[in-house]
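Peer 1: From first to last, the protein sequence lines are chains A and B. Once you know that position 202 of the first sequence is 235 in the working numbering, the rest is easy, because the numbers rise by one and skip nothing. Once you know that position 71 of the second sequence is 104 in the working numbering, the rest is easy, because the numbers rise by one and skip nothing. Glycine residues also receive a C-beta, built at the ideal position from the N, C-alpha and C atoms. If you're wondering where the values come from, they're calculated on a predicted model, not measured in any experiment. Below you'll find the structure I mean.
Protein chains: 2
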Amino acid sequence: MPLSTYRQFEPALAYAAEATERTMDRLLPRGDTGEARVFEAMRYSSLGGGKRLRAFFVLASATLFKVSAMSALRVASAIEFVHAYSLIHDDLPAMDDDDMRRGKPSCHKQFDEATAILAGDALQALAFEVLAQEATHGDPAVRAALVFELARAAGAHGMVGGQMLDLLAETRSDQSVDAIDQSIGAITRLQRLKTGALISFSCTAGAILGKAAEPLRVALAAYAHDLGLAFQIVDDLLDVEGDPAELGKATQKDADAGKATFVSILGLERARSQAGLLAQQAAAHLEPFGAPADLLKQAAGFVVTRRS
Amino acid sequence: MPLSTYRQFEPALAYAAEATERTMDRLLPRGDTGEARVFEAMRYSSLGGGKRLRAFFVLASATLFKVSAMSALRVASAIEFVHAYSLIHDDLPAMDDDDMRRGKPSCHKQFDEATAILAGDALQALAFEVLAQEATHGDPAVRAALVFELARAAGAHGMVGGQMLDLLAETRSDQSVDAIDQSIGAITRLQRLKTGALISFSCTAGAILGKAAEPLRVALAAYAHDLGLAFQIVDDLLDVEGDPAELGKATQKDADAGKATFVSILGLERARSQAGLLAQQAAAHLEPFGAPADLLKQAAGFVVTRRS
Chain A
34 MPLSTYRQFE PALAYAAEAT ERTMDRLLPR GDTGEARVFE AMRYSSLGGG
84 KRLRAFFVLA SATLFKVSAM SALRVASAIE FVHAYSLIHD DLPAMDDDDM
134 RRGKPSCHKQ FDEATAILAG DALQALAFEV LAQEATHGDP AVRAALVFEL
184 ARAAGAHGMV GGQMLDLLAE TRSDQSVDAI DQSIGAITRL QRLKTGALIS
234 FSCTAGAILG KAAEPLRVAL AAYAHDLGLA FQIVDDLLDV EGDPAELGKA
284 TQKDADAGKA TFVSILGLER ARSQAGLLAQ QAAAHLEPFG APADLLKQAA
334 GFVVTRRS
Chain B
34 MPLSTYRQFE PALAYAAEAT ERTMDRLLPR GDTGEARVFE AMRYSSLGGG
84 KRLRAFFVLA SATLFKVSAM SALRVASAIE FVHAYSLIHD DLPAMDDDDM
134 RRGKPSCHKQ FDEATAILAG DALQALAFEV LAQEATHGDP AVRAALVFEL
184 ARAAGAHGMV GGQMLDLLAE TRSDQSVDAI DQSIGAITRL QRLKTGALIS
234 FSCTAGAILG KAAEPLRVAL AAYAHDLGLA FQIVDDLLDV EGDPAELGKA
284 TQKDADAGKA TFVSILGLER ARSQAGLLAQ QAAAHLEPFG APADLLKQAA
334 GFVVTRRS
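Take a look at the structure:
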């Protein structure tokens with residue numbers, strides 16, 4: 034049954050994860066040719082795990098504009114391919130050097146570094162291939178718009194730029210002398226690029242697919258903006274307070290790296306209340322949509338109460 | 034003056050390189066924000082070097098269908114961004130581990146590994162961003178088709194798959210027992226994926242931009258197929274006979290890695306004559322276009338006589 038029939042967030046998220054995973058499985062390459070090792074690595078790192086929040090945002094925003102399930106699932110798959118590629122590359126020894134991801138060995142531990150680099154590269158290409166195909170939307174202008182927006186969100190002015198900032202932040206030691214306000218500004222910008230851009234794409238993809246009027250797209254972008262920030266603050270909180278077993282990855286990484294985070298700057302208490310405020314603010318942007326946006330409103334609550 | 038006014042290949046190639054480089058420079062990010070290091074690495078590795086053969090193929094095929102210079106130059110830039118990204122990632126220590134590229138330190142030597150991985154990732158995203166923008170072509174169906182074809186050519190069923198095969202070939206030792214015919218089949222397939230797919234995209238991009246009739250697009254694909262193979266055979270020859278100073282990179286890499294190449298299987302003499310035959314065959318596919326295809330015909334000759 035389609036996502037629009039769900040009234041509660043958690044079953045809706047589970048449905049979105051399962052349906053998107055099935056679509057991803059169909060879209061991912063498989064075969065037994067010589068290069069199949071890279072297909073396996075792509076499947077290993079993109080299937081069988083993750084909350085699929087980004088996929089949920091695509092599907093939930095698509096229900097607001099009566100977009101077909103197939104269109105929404107293909108776009109949800111594309112964004113999850115980009116997300117998976119970014120995790121593979123971020124986990125590499127030259128980057129964050131993480132051995133575990135989603136409770137299993139990270140891609141370069143399971144395969145090797147070269148295969149991990151290639152699997153990430155191919156997942157990025159696959160995302161754009163999927164968006165550009167006619168099955169994603171009958172109107173090629175919509176497909177071109179999706180490609181443009183995802184490329185912007187994923188590239189140097191989005192996710193990759195944010196990851197660069199993040200790596201540089203680890204190697205800089207001048208944070209202690211920054212005024213707190215400056216640090217908050219810098220870290221907010223980092224987050225907006227590193228994770229916010231993809232979350233914004235996820236939340237506005239339904240509006241692009243549904244050719245929504247500009248004010249509705251802007252409302253979804255505002256929701257995504259506040260929600261993305263809340264999401265990152267909670268990520269920082271979980272890095273301090275979370276359970277490595279539940280998270281499926283190591284904690285205390287930021288503190289060990291001496292990295293400024295929302296928690297190191299604001300403290301646990303203020304960080305927690307700031308995340309809560311942002312989640313409420315995010316939900317408030319959805320007023321124009323009324324009841325059909327209930328799932329997205331609940332998602333904002335989930336983002337700040339999640340434990341992994 | 035536009036490419037169509039050139040009669041001789043070498044000045045035409047120089048023009049294509051210069052005009053594409055100017056376009057790439059405009060399209061690449063610049064700025065002085067915190068993440069500018071990745072902008073610099075993108076510029077370092079994509080500007081100021083390379084023959085720009087792929088760009089030439091786009092521009093030359095576009096002149097056959099009276100495509101605007103702006104459209105062709107943007108597509109040429111996109112393909113050169115993908116080519117540059119692939120070289121950055123191929124040069125990484127975990128892959129081919131090359132310290133030099135186009136006569137200067139490779140990206141990870143000039144910057145660092147993390148920055149090189151990110152610069153490659155961002156260049157790939159930039160290629161699709163450029164293709165999807167309205168300035169590339171007024172018809173969104175053409176833009177979506179370009180994105181789809183480039184994504185296929187660059188991904189797991191194209192360039193990335195070929196690089197995977199290439200890496201696995203280095204670590205396998207069973208080549209000596211293969212029959213020569215099998216080896217030639219395997220190595221031809223590897224080449225078709227690793228370099229052939231992008232060359233095919235370059236040669237057929239003009240037909241996509243010009244909405245050419247199917248038989249003309251097929252003729253260009255056939256040209257690209259034979260020319261791509263000739264190109265790779267000459268690459269193998271240059272790895273044995275070439276001058277490292279002229280090439281701007283180390284030679285004898287394949288022999289040192291114990292890798293099967295067209296030269297190791299066919300011998301110098303037969304490899305050289307095979308490349309020549311393929312170049313003639315490539316040019317023959319261009320008969321339907323008559324005189325306007327002269328530059329592409331000359332390009333086939335250049336590919337087999339080039340010294341770098």
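1. Between the Cα of Arg134(A) and those of Thr284(A), Arg340(A), Ala326(A) and Leu92(A), spot the shortest distance and give me the residue it belongs to.
2. What residues from the stretch 105-123 of chain A come within 7 Å of chain B, judged by C-beta to C-beta, listed N to C?
3. Going along chain B, which residues have a C-beta under 9 Å from Pro173(A)?
4. Taking the beta carbon of Met197(B) as the centre, do at least 16 other beta carbons fall within 10 Å, making it buried, or is it exposed?
5. With C-beta atoms as the reference, is Ala127(A) less than 9 Å away from Glu68(B)?
6. Please work out which residues of its chain come closer than 7 Å, Cβ to Cβ, to Tyr118(A), disregarding the five sequence neighbours upstream and downstream, and give them in chain order.
7. Lys84(A) by DSSP, collapsed to three states: which one?
8. When you check each C-beta in the stretch 56-70 of chain A against every C-beta of chain B, which residues fall closer than 7 Å?
9. Which residue wins for smallest C-alpha separation from Ala405(B), given the options Leu271(B), Asp199(B) and His318(B)?
10. Can you find the residues in the same chain that come closer than 7 Å, C-beta to C-beta, to Ala102(B), ignoring five residues on each side of it along the sequence?
11. Name the residue from Leu92(A), Gln265(A) and Lys330(A) whose alpha carbon lies nearest to the alpha carbon of Gly243(A).
12. Is the shortest distance between the beta-carbon of Met128(B) and the beta-carbons of chain A less than 9 Å?
13. Please report the distance separating the alpha-carbon of Arg107(A) from that of Val115(A).
14. As a quick exercise: from Asp259(A), Ala230(A), Ala326(A) and Val175(A), pick the residue whose alpha carbon is nearest that of Leu249(A).
15. Using three-state DSSP, classify Lys142(B) as helix, strand or coil.
16. Below 6 Å CB to CB, which residues in the same chain sit around Ala109(B) once its five sequence neighbours on both sides are set aside?
17. Looking at the C-beta of Arg185(B), does it have a partner C-beta in chain A at a distance below 9 Å?
18. Using C-beta distances below 6 Å, list every residue in its chain close to Lys330(A), excluding the 5 sequence neighbours before and after it, in chain order.
19. What residue range is occupied by the uninterrupted alpha helix (DSSP H) comprising Val108(A)?
20. Under the three-state reduction of DSSP, which class applies to Arg134(B): helix, strand or coil?
21. At the level of alpha carbons, what is the spacing between Arg303(A) and Asp269(A)?
22. Can you tell me whether Thr38(B) is buried or exposed, with buried defined as 16 or more other CB within 10 angstroms of its CB?
23. Closest Cβ-Cβ distance between Ile298(A) and chain B: below 9 Å?
24. Please name the residue, chosen from Cys236(A), Ser94(A), Gly281(A) and Thr56(A), that lies closest to Arg76(A) on a Cα-to-Cα basis.
25. Starting from the beta carbon of Gly229(A), find every residue of chain B whose beta carbon is closer than 8 Å, and list them in chain order.
26. Spatial neighbours of Ile121(A) within its chain, please: C-beta separation below 7 Å, excluding the five flanking residues on both sides.
27. Give every residue of the same chain whose Cβ lies closer than 6 Å to the Cβ of Gln208(B), excluding the five residues on either side of it in the sequence, and list them in chain order.
28. Does DSSP classify Thr74(A) as helix, strand or coil?
29. Return the chain-ordered ranges of every alpha helix (DSSP H) run that is complete within the stretch 258-325 of chain B and spans a minimum of 4 residues.
30. For Asp58(A), which residues in the same chain have their Cβ closer than 7 Å to its Cβ, ignoring the five residues on either side in sequence?
31. With 9 Å as the limit, tell me which residues of the stretch 143-166 of chain B have their beta carbon closer than that to any beta carbon of chain A; keep them in chain order.
32. Cβ of Gln196(A) less than 9 Å from any chain B Cβ?
33. Shorter than 9 Å from the beta carbon of Met103(A) to some beta carbon of chain B?
34. Residues of chain B with CB closer than 7 Å to the CB of Phe295(A), please, in chain order.
35. Expressed to the nearest angstrom, what Euclidean distance is found between the alpha-carbon atoms of Lys282(B) and Leu299(B)?
36. Checking 9 Å against the spacing of the C-beta atoms, do Leu159(A) and Phe335(A) come in under that value?
Peer 2: Taking the geometry as given:
1. As a working note, residue 134(A) is residue 101 in the first sequence. Closest in C-alpha terms to Arg134(A), from the list Thr284(A), Arg340(A), Ala326(A) and Leu92(A), comes Thr284(A).
2. His122
3. As a position in the first sequence, residue 173(A) is number 140, starting the count at 1. Neighbours of Pro173(A) on chain B, chain order: Asp172, Pro173, Ala174, Val175, Arg176, Ala177 and Ala178.
4. Taking the first residue of the second sequence as 1, we reach residue 197(B) at position 164. Its Cβ being crowded by 16 or more others within 10 Å, Met197(B) is buried.
5. Counting from one through the first sequence, the residue named residue 127(A) turns up at place 94. Counting from one through the second sequence, the residue named residue 68(B) turns up at place 35. No, Cβ-Cβ distance for Ala127(A) and Glu68(B) is not below 9 Å.
6. The sequence position of residue 118(A) within the first sequence is 85, counting from 1. If you ignore the 5 residues before and after Tyr118(A), its C-beta comes within less than 7 Å of the C-beta of Gly153, Leu156 and Gln157, all in its own chain and listed in chain order.
7. On the first sequence, residue 84(A) is found 51 positions in, with the first residue counted as 1. It is coil, neither helix nor strand.
8. Pro62, Gly67, Glu68 and Arg70
9. The question about residue 405(B) has no answer here: the residues shown for chain B are numbered 34 through 341.
10. Position 69 of the second sequence, counting from 1, holds the residue named residue 102(B). Counting only Cβ-Cβ distances below 7 Å, and skipping sequence neighbours, we find Pro35.
11. As a first step, residue 243(A) is located in the first sequence; it is residue number 210 there, counting from the start. Of the candidates Leu92(A), Gln265(A) and Lys330(A), the one whose C-alpha sits nearest the C-alpha of Gly243(A) is Leu92(A).
12. Taking the second sequence and counting its residues from 1, the one referred to as residue 128(B) is at position 95. Yes - at least one Cβ of chain A is within 9 Å of the one on Met128(B).
13. Reading the first sequence from its first residue, position 74 is the one you call residue 107(A). Reading the first sequence from its first residue, position 82 is the one you call residue 115(A). Going from the Cα of Arg107(A) to the Cα of Val115(A) covers about 13 Å.
14. Translated into positions along the first sequence, residue 249(A) becomes position 216. Of Asp259(A), Ala230(A), Ala326(A) and Val175(A), the residue nearest in Cα terms is Ala326(A).
15. On the second sequence, position 109 is the one that residue 142(B) refers to. The DSSP-derived three-state label of Lys142(B) is helix.
16. Here residue 109(B) is taken as the residue at index 76 of the second sequence, counted from 1. Closer than 6 Å at the Cβ level, and outside the excluded window around Ala109(B), lie Thr53, Ala88, Val91 and Leu92.
17. Here residue 185(B) corresponds to residue number 152 of the second sequence, with the count starting at 1. Interface residue, yes.
18. Here the question's residue 330(A) lines up with position 297 in the first sequence. For Lys330(A), where only same-chain residues beyond five positions count, the Cβ hits under 6 Å are Ala316 and Leu319.
19. Taking the first residue of the first sequence as 1, we reach residue 108(A) at position 75. From DSSP, the alpha helix (DSSP H) with Val108(A) extends over Ala102 to Asp124.
20. Working through the second sequence from its first residue, we reach residue 134(B) at position 101. Of the three classes helix, strand and coil, the one that applies to Arg134(B) here is strand, per DSSP.
21. For the purposes of this step, residue 303(A) is taken as residue 270 along the first sequence, with counting starting at 1. For the purposes of this step, residue 269(A) is taken as residue 236 along the first sequence, with counting starting at 1. When rounded, the distance between both Cα atoms is 12 Å.
22. Walking along the second sequence from the start, residue 38(B) turns up at place 5. Per the 10 Å Cβ criterion, exposed.
23. By one-based count along the first sequence, residue 298(A) stands at place 265. It does not: the Cβ of Ile298(A) has no partner Cβ on chain B nearer than 9 Å.
24. In the first sequence, residue 76(A) corresponds to position 43, counting from 1. If we check each option's Cα against that of Arg76(A), Thr56(A) comes out closest.
25. Within the first sequence, residue 229(A) is the residue found at index 196, counting from 1. The premise fails here: Gly229(A) is roughly 14 Å from chain B at the closest Cβ pair, so nothing lies under 8 Å.
26. Along the first sequence, read from residue 1 onward, the residue named residue 121(A) stands at position 88. Cβ neighbours of Ile121(A) beyond the five flanking positions: Ser78, Cys140, Ala149, Ala152 and Gly153.
27. Counting from one through the second sequence, the residue named residue 208(B) turns up at place 175. Low confidence applies here, because Gln208(B) scores a pLDDT of 47, under 50, leaving its location unreliable; read the following figure in that light. Within the same chain, Gln208(B) has close Cβ partners Ala293.
28. Taking the first sequence and counting its residues from 1, the one referred to as residue 74(A) is at position 41. Looking at the sequence shown, residue 74(A) is not Thr but Ala. In the three-state reduction of the DSSP assignment, Ala74(A) falls in the helix class.
29. 277-280, 286-289 and 295-317
30. Position 25 of the first sequence holds residue 58(A). Contacts found: Leu80.
31. Along the stretch 143-166 of chain B, the positions whose C-beta sits under 9 Å from a C-beta of chain A are Asp145, Glu146, Ala147, Thr148, Ala149, Ile150, Leu151, Ala152, Gly153, Asp154, Ala155, Leu156, Gln157, Ala158, Leu159, Ala160, Phe161, Glu162, Val163, Leu164, Ala165 and Gln166, read in chain order.
32. For the purposes of this step, residue 196(A) is taken as residue 163 along the first sequence, with counting starting at 1. Judged by the 9 Å Cβ criterion, Gln196(A) is in contact with chain B.
33. One-based indexing of the first sequence puts residue 103(A) at position 70. Chain B, which has no Cβ nearer than 9 Å to the Cβ of Met103(A), makes this no.
34. As a working note, residue 295(A) is residue 262 in the first sequence. Neighbours of Phe295(A) on chain B: none; closest Cβ ~17 Å, over 7 Å.
35. Here residue 282(B) refers to the residue found at position 249 when the second sequence is read from its first residue. Here residue 299(B) refers to the residue found at position 266 when the second sequence is read from its first residue. One C-alpha to the other measures close to 24 Å.
36. Here residue 159(A) corresponds to residue number 126 of the first sequence, with the count starting at 1. Here residue 335(A) corresponds to residue number 302 of the first sequence, with the count starting at 1. No. Outside cutoff.
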